[in-house]
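If you read the sequence shown in the working numbering, its first letter stands for residue 20, the second for the next number, and so on. From the three backbone atoms N, C-alpha and C, an ideal C-beta is built for every residue, glycine too. Beneath this line is the structure, given in structure tokens, with notes to follow.
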Amino acid sequence: MKLGSAFLTSRRALFIGGGAAAALGAGALMLRSDPGAAGKIGHIDKRKITALGDGFYLADGWVLTADDLKAMGLPHPGGE
Numbered sequence: 020m021k022l023g024s025a026f027l028t029s030r031r032a033l034f035i036g037g038g039a040a041a042a043l044g045a046g047a048l049m050l051r052s053d054p055g056a057a058g059k060i061g062h063i064d065k066r067k068i069t070a071l072g073d074g075f076y077l078a079d080g081w082v083l084t085a086d087d088l089k090a091m092g093l094p095h096p097g098g099e
């Protein structure tokens, strides 16, 4: 039993434990979803979407692209 407790406090065990924690943390960061343009930015009033030109829209105070509107399921002004 003394051998097991000595290993738990050794530098090798700390190194292995730290490496495992770093690997788990890096894996969690890589697997998290990227909200991107389709992320939640709050409730947008569909009546307050106006075209700014060049594919940009003012949507309830947010400047969005046509792809952003499509990804969030919002209508394009004028049915474009």
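Can you say whether residue i is buried or exposed, counting buried as having 16 or more other CB atoms within 10 angstroms of its CB?
i: I35; result: exposed
i: L83; result: buried
With C-beta atoms as the reference, is residue i less than 8 Å away from residue j?
i: Y76; j: P96; result: yes
i: D87; j: I63; result: no
i: G74; j: A85; result: yes
Might you give, ordered along the chain, the residues of its own chain that have their beta carbon closer than 6 Å to the beta carbon of residue i, omitting 5 neighbours on each side?
i: A70; result: Y76 and P96
i: M49; result: none
Among residues of its own chain, excluding the 5 on either side of residue i, which ones have a beta-carbon nearer than 7 Å to its beta-carbon?
i: E99; result: At E99 the pLDDT is 49, less than 50, meaning the model places this residue with poor confidence and gives no usable figure here.
Sorted by chain position, which residues of the same chain lie with C-beta nearer than 8 Å to residue i's C-beta, five sequence neighbours on each side aside?
i: A39; result: none
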